[in-house]
Structures are given as structure tokens and as C-alpha cells.
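As C-alpha cells, the structure follows; a few thoughts come after it.
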Amino acid sequence: MADDLGSVYVFNVYSETLTLSTNGATVAAGAIPGWFTNATPKYRPNAIAVPRTLNASDGPGRFFNGKNALTISWADGLFAAQVPIDGKSYPIIQDLLLFIDKNSWSLVNQYGIEVENGPVLGVADFDILAPIFAKA
27 MADDLGSVYV FNVYSETLTL STNGATVAAG AIPGWFTNAT PKYRPNAIAV PRTLNASDGP
87 GRFFNGKNAL TISWADGLFA AQVPIDGKSY PIIQDLLLFI DKNSWSLVNQ YGIEVENGPV
147 LGVADFDILA PIFAKA
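Put into C-alpha cells, the structure is as follows:
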């Protein structure tokens, strides 16, 4: 069954290396380098695959059905976001793409359609962020 599960392909759409934690643990694949600037084509984002799992109780460091708490670390600061995945709309076997830039994220399905989006907030913005995580 585990081989049949989908992944969330996380793209770093920023020039600095991104270290990602999902739901309290750094993802196993590690850091995502910043975009390519000396390649053709330029500004091509790097990505890693993060496994999907059914429930939060299956362990941190993965994406599950529900509200996923992300901690994003770039060299210039610590940021946070909350990414919901609706398991009824996007079955556990389906791959998803998550694009993270400096101030927002976008979740895209396997057909290239944006299905969710939201803010990426710096820790200085935590007063704004706290009520969002309180609802989780």
C-alpha cells in the first residue's frame, strides 16, 4: 500500500536554499536548493518529493489529509504556512505540486490547476499567524 501513496512535490521558487519541516519534523529529503541561475533555462526551481500519508498520527515530516503546518527556513529568516489537503477531493494516491515563494504558496493538482493558495508569513508576523494555527 505504501508504494501506492502519492507525494507532494515541493518546489522552492526563491533564490535561497529552503529547509522545510512539515507537521513538526524536517522532511527526509532535506534542503531544497534555490533556483538555478546559471542553467538554461534560468530561474528553474528545484524540488523534492515529500510522501503523503492518511493521518497526522502516521508521523511528522509528511503531508496528510487536513491542515499541514509548514516551517520554512531560508538564510534570511524563519517563515510559516498552513497548507490544507482535502482527501475527498485529492485521494491519497494522487500526486500534488506545492510551489513556495517568499510570500505565498500555491498547491496545484496533477492537471496543472491551482486548488489552494495562501500566505507565507515571517515569524515577525506571528500575531497574524497564531489564530490560523489555533484552528488546526
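Count the sequence shown with the numbering used here and you get residues 27 to 162, in order. Glycine residues also receive a C-beta, built at the ideal position from the N, C-alpha and C atoms.
Checklist entry - With respect to the beta strand (DSSP E) encompassing residue 43, which residues constitute its N-terminal and C-terminal limits? => result To locate residue 43, count along the sequence shown from 1; it is residue 17. Run containing residue 43: none; DSSP gives neither H nor E here.
Handout entry: Whole-number beta carbon distance between residue 99 and residue 45, since they are thought to touch under 8 angstroms
Key = In the sequence shown, counting from the first residue as 1, residue 45 sits at position 19. In the sequence shown, counting from the first residue as 1, residue 99 sits at position 73. Contact holds; Cβ gap of about 4 angstroms.
Worksheet item: Around the Cβ of residue 66, are there at least 16 other Cβ atoms within 10 angstroms (buried) or fewer (exposed)?
Response: The residue you call residue 66 lines up with position 40 of the sequence shown. Exposed: under 16 other Cβ atoms inside 10 Å.
(request) Please state whether DSSP places residue 149 in a helix, a strand or coil. (result) Start at 1 with the first residue of the sequence shown, and residue 149 comes out as number 123. Residue 149: helix per DSSP, three-state reduction.
Which residue or residues does DSSP assign as beta-bridge partners of residue 52? Residue 52 sits at position 26 when you count from the first residue of the sequence shown. In the DSSP output, where bridge partners are listed per residue, residue 52 has 47.
- Message: Let me make sure I understand the geometry here. Which of 107, 124, 113 has the alpha-carbon closest to that of residue 163?
- Response: This structure gives no information on residue 163, because the portion of the chain shown stretches from 27 to 162.
Inset, instruction - Run the CB neighbour count on residue 63, radius 10 Å, all protein chains shown included, and call it buried at 16 or more, exposed below. - result: The sequence position of residue 63 within the sequence shown is 37, counting from 1. The residue is exposed, with fewer than 16 neighbouring Cβ atoms inside 10 Å.
Relative to the alpha-carbon of residue 75, which residue among 109, 143, 123 has its alpha-carbon at the smallest distance? Here residue 75 corresponds to residue number 49 of the sequence shown, with the count starting at 1. Closest by alpha carbon: 123.
Does residue 33 come out as helix, strand or coil in the three-state DSSP assignment? Here residue 33 refers to the residue found at position 7 of the sequence shown. Residue state, collapsed to three classes: strand.
Q.
So for residue 115, helix, strand or coil by DSSP?
A. In the sequence shown, the residue the question calls residue 115 occupies position 89. Reduced to three states, the DSSP call for residue 115 is coil.
Check whether the stretch 28-41 touches the stretch 111-127, taking contact to mean three or more Cβ pairs, one atom from each stretch, closer than 8 angstroms.
yes
Just tell me which of 51, 132, 60, 52 has its CA closest to the CA of residue 101.
Counting from one through the sequence shown, the residue named residue 101 turns up at place 75. Answer by Cα proximity: 60.
Notebook entry, point to check: Taking the continuous beta strand (DSSP E) assigned at residue 57, which residues delimit it?
Noted result: The residue you call residue 57 lines up with position 31 of the sequence shown. Neither: residue 57 is in no beta strand (DSSP E) and is coded neither H nor E.
Q. If you draw a straight line from the alpha carbon of residue 80 to that of residue 109, how long is it in whole angstroms?
A. Mapped onto the sequence shown, residue 80 falls at position 54. Mapped onto the sequence shown, residue 109 falls at position 83. When rounded, the distance between both Cα atoms is 15 angstroms.
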